[in-house]
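Undergrad: Below is the structure I would like to discuss, written out as structure tokens.
2 protein chains.
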Amino acid sequence: MREKKQGRAVVLLSGGLDSTTVLAMARQQGYQCYCLSFSYGQRQTIELKRAQENAAFYQAERHLVLELGLDKIGGSALTEDIAVPKNTSVCQDGGAQAGEIPVTYVPGRNTIFLSYAMAWAEVVGAWDIFIGVNAMDYSGYPDCRPEYLHAFGELANLATRVGVLGGGKFVVHAPLLRMTKKEIILAGMALGVDYQKTHSCYDPNLQGLACGACDACQLRQKGFAEAGLLDPLEYQEKRGGSCD
Amino acid sequence: MREKKQGRAVVLLSGGLDSTTVLAMARQQGYQCYCLSFSYGQRQTIELKRAQENAAFYQAERHLVLELGLDKIGGSALTEDIAVPKNTSVCQDGGAQAGEIPVTYVPGRNTIFLSYAMAWAEVVGAWDIFIGVNAMDYSGYPDCRPEYLHAFGELANLATRVGVLGGGKFVVHAPLLRMTKKEIILAGMALGVDYQKTHSCYDPNLQGLACGACDACQLRQKGFAEAGLLDPLEYQEKRGGSCD
């Protein structure tokens with residue numbers, strides 16, 4: 564049916580710091596980018612606005628926003644009415660205690676995201692999927708681990724036409740997997756990412772302002788502080804950008 | 564967080580002949596069933612009505628219907644305005660020519676379905692996922708093959724809490740995988756399935772009546788004929804229930 568086009572990629576784009584940096588990397592590597600975002604009852608619809616701005620800025624071929632039913636499935640502080648943890652010891656332990664999974668973990672989220680990315684990749688003829696997961700900051704999330712991402716790539720090669728007809732191989736790119744937040748920010752700055760137009764907070768206020776206290780805000784601020792840079796984002800509560 | 568409950572299962576339920584038979588099997592095996600259906604811009608909304616009836620009949624613990632964005636992704640005769648093939652040689656070759664993939668293949672569909680099933684299983688504490696795929700009738704669909712289903716089970720064990728915390732194992736059950744349509748129908752009849760309340764057609768009319776000519780209708784009619792049984796479904800165009 565549709566032939567695979569070398570140089571096309573589907574990029575999962577949340578509008579956050581990580582996925583925006585990944586989009587910049589994919590563009591710098593010369594990929595034509597098909598950006599995929601999701602609306603899934605998450606609290607932070609500001610993310611989608613940022614995703615749209617960045618897809619336009621990086622001249623994405625297309626930007627598709629899909630509505631998901633994750634809020635009907637529940638099981639997470641990001642989709643249900645469970646309090647988002649604030650001022651935790653995220654700076655010491657990288658986001659999760661050993662053997663614990665944060666309440667902000669959304670069951671199945673990355674698998675659902677990657678499944679849609681794979682489906683769209685098959686339709687537009689892309690071989691490459693980019694995702695901004697990070698094994699260091701989010702070591703408590705099972706679906707951010709290298710072995711998980713490898714398994715998804717293998718699955719994609721069985722799940723699609725290529726599994727029957729041959730002729731190529733899906734690759735899941737997770738360029739941030741083993742980078743610290745500091746390194747991600749430095750890489751993005753080198754590629755001209757405007758981090759004022761990225762959103763990281765799990766619990767923004769009605770105006771979309773980041774809380775400054777949730778795990779995501781703390782990790783972001785720590786990353787900028789360690790990179791010796793000012794975080795350009797406006798916060799409800801600025802915590803000085805450090806974990807001292 | 565949530566503990567796994569022995570005896571709970573998520574059952575993917577389309578309202579078709581196959582998935583309804585699978586639901587009957589899961590119930591007969593003593594599972595408490597959490598039935599999951601999808602609305603994805605498919606032409607046949609009658610399927611969802613049948614799914615609701617069967618979920619109620621088999622006393623499902625819950626029946627969740629999720630809206631998907633598959634129509635926005637496209638790439639299939641089932642989600643786009645592509646003609647559904649009629650009166651093909653499905654009776655001879657089991658639904659697909661060797662090395663061909665039918666236009667009714669929906670890219671990524673089973674992977675997206677199983678991803679949601681896995682997510683919901685994690686939330687309700689189920690270890691078992693039932694899906695009515697069949698490798699014999701739909702040999703042309705890459706995501707109906709045994710090696711694909713095995714790979715998804717492996718992925719689920721990495722993607723979820725169990726992958727980090729241990730304590731159990733996800734199993735994807737595909738009890739129809741190596742059964743012919745005739746055998747599926749006989750098994751379902753033995754379990755009391757009311758096949759008048761199952762819908763198989765890819766292209767029903769506005770009243771929800773099956774066309775009798777698409778691959779799905781032909782396979783169904785062939786199955787009943789080979790089982791020596793009358794198909795209780797009403798068709799627009801009855802083809803005598805045989806492939807002679």
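Chains W and A supply the protein sequences, listed in that same order.
Take any residue in the first sequence, note its place counting from 1, add 563, and you have its number in my numbering.
Take any residue in the second sequence, note its place counting from 1, add 563, and you have its number in my numbering.
Cβ atoms here follow ideal geometry from the backbone N, Cα and C, with glycine treated the same way.
Does F733 (chain W) get closer than 9 Å to chain A when you measure Cβ to Cβ?
TA: No, F733 (chain W) lies away from the interface with chain A (no Cβ there is under 9 Å from its Cβ).
Undergrad: Whole angstroms are fine: how far does the CA of K785 (chain A) sit from the CA of M681 (chain A)?
TA: Those two C-alpha atoms are separated by around 33 Å.
Undergrad: So what's H713 (chain A) in DSSP terms, helix, strand or just coil?
TA: Helix at H713 (chain A).
Undergrad: What residues in the region 769–801 of chain W have a beta carbon less than 9 Å from any beta carbon of chain B?
TA: The structure shown contains no chain B; its protein chains are W and A.
Undergrad: Can you find a C-beta in chain W that's less than 9 Å from the C-beta of E624 (chain A)?
TA: Not one chain W Cβ lies under 9 Å of E624 (chain A).
Undergrad: Measure the alpha-carbon distance for R625 (chain W) versus Y594 (chain W) and round it to whole angstroms.
TA: C-alpha separation (whole angstroms): 13 Å.
Undergrad: With respect to 8 Å, is the separation between the Cβ of A788 (chain A) and the closest non-hydrogen atom of the ligand MN below this value?
TA: Ligands displayed in this structure: none; no statement on the ligand MN is therefore possible.
Undergrad: Counting pairs of beta carbons, one from the region 751–768 of chain A and one from the region 702–714 of chain A, are three or more of them closer than 8 Å?
TA: Touching, no, given that fewer than three Cβ pairs across the two stretches are closer than 8 Å.
Undergrad: Following the continuous alpha helix (DSSP H) through D733 (chain A), name the residue where it begins and the one where it ends.
TA: With the sequence shown as reference, residue 733 (chain A) is identified as Phe, and Asp is not the correct amino acid for it. Premise fails: F733 (chain A) is in no alpha helix (DSSP H) and is neither H nor E.
Undergrad: Pick helix, strand or coil for D706 (chain A), following the three-state DSSP scheme.
TA: In the structure shown, D706 (chain A) sits in a helix (DSSP, three-state: H, G or I).
Undergrad: With respect to the alpha helix (DSSP H) encompassing I636 (chain W), which residues constitute its N-terminal and C-terminal limits?
TA: Start and end: L633 to I636.
Undergrad: When you check each C-beta in the region 682–706 of chain A against every C-beta of chain W, which residues fall closer than 7 Å?
TA: Residues passing the 7 Å Cβ filter: A682, W683, E685, V686, P705 and D706.
Undergrad: Between the alpha carbons of P665 (chain A) and G671 (chain A), how many angstroms are there, rounded?
TA: Roughly 14 Å between the two C-alpha positions.
Undergrad: Which residues mark the beginning and the end of the beta strand (DSSP E) in which Q595 (chain W) is found?
TA: First-last of the beta strand (DSSP E) with Q595 (chain W): Q595 to S602.
Undergrad: If I follow the unbroken alpha helix (DSSP H) through A614 (chain A), where does it start and stop?
TA: First-last of the alpha helix (DSSP H) with A614 (chain A): I609 to F620.
Undergrad: Note down, in chain order, each residue of its chain lying with its Cβ closer than 7 Å to the Cβ of E685 (chain W), except the 5 sequence neighbours on either side.
TA: Correct list, in chain order: T723 and R724.
Undergrad: Are the beta-carbon atoms of F676 (chain A) and L599 (chain A) separated by less than 9 Å?
TA: Contact: yes.
Undergrad: Please compile the residues from chain A whose C-beta is within a distance smaller than 7 Å of the C-beta of V727 (chain W).
TA: Those are I664 and P705, listed as they occur along chain A.
Undergrad: Take the Cβ of S805 (chain W) as the centre, count every other Cβ of all protein chains shown within 10 Å, and call the residue buried at 16 or more, exposed below.
TA: With a pLDDT of 46 at S805 (chain W), under the threshold of 50, the modelled position of this residue cannot be trusted; read the value that follows with caution. It counts as exposed.
Undergrad: Run down chain W in chain order and give the residues with a C-beta less than 9 Å from the C-beta of L718 (chain A).
TA: Those are T674, Y711, A714, F715, E717 and L718, listed as they occur along chain W.
Undergrad: Leaving out the 5 sequence neighbours to the left and right, which residues in its chain are closer than 8 Å to T674 (chain W) when beta-carbon positions are compared?
TA: Here the set comprises D706 and F715.
Undergrad: Specify the secondary structure class of C764 (chain W) as computed by DSSP and reduced to three states.
TA: Coil.
Undergrad: In or out: A619 (chain W) buried (at least 16 other Cβ within 10 Å) or exposed?
TA: So A619 (chain W) counts as exposed.
Undergrad: Using a cut-off of 8 Å between C-beta atoms, extract the partners of Y679 (chain A) located in chain W.
TA: Result: G632, I636, G671 and I675.
Undergrad: Any residues in the region 595–620 of chain W with a beta carbon nearer than 8 Å to a beta carbon of chain A? Which ones, in chain order?
TA: Residues: none.
Undergrad: Closer than 6 Å by C-beta to E630 (chain A): which residues in its own chain qualify, once you throw out the five before and the five after it? Chain order, please.
TA: Excluding positions up to five away in sequence, the list reads S602.
Undergrad: Would you kindly work out how many angstroms separate the C-alpha atoms of G695 (chain A) and A572 (chain A), rounded to a whole number?
TA: Whole-angstrom Cα-Cα distance: 14 Å.
Undergrad: For R590 (chain W), name the three-state secondary structure that DSSP assigns.
TA: Helix.
Undergrad: Does chain A have any CB closer than 9 Å to the CB of L576 (chain W)?
TA: By this cut-off, L576 (chain W) is not an interface position.
Undergrad: Between A637 (chain W) and H762 (chain W), how many whole angstroms is the CB-CB distance? I'm expecting something under 8 Å.
TA: For the record, residue 637 (chain W) in the displayed sequence is Gly; it is not Ala. That belief does not hold up - the Cβ atoms of G637 (chain W) and H762 (chain W) are roughly 23 Å apart, past 8 Å.
Undergrad: Closer than 7 Å by beta-carbon distance: list the chain W residues that pair up with L740 (chain A), in chain order.
TA: Correct list: empty, because the minimum Cβ distance to chain W is about 15 Å.
Undergrad: Quick one, are the C-beta atoms of T584 (chain A) and L792 (chain A) less than 9 Å apart?
TA: Their beta carbons are not under 9 Å apart, which means T584 (chain A) does not touch L792 (chain A) by this criterion.
Undergrad: List, in chain order, every chain W residue whose beta-carbon is nearer than 8 Å to that of T667 (chain A).
TA: Simply none; closest approach about 12 Å.
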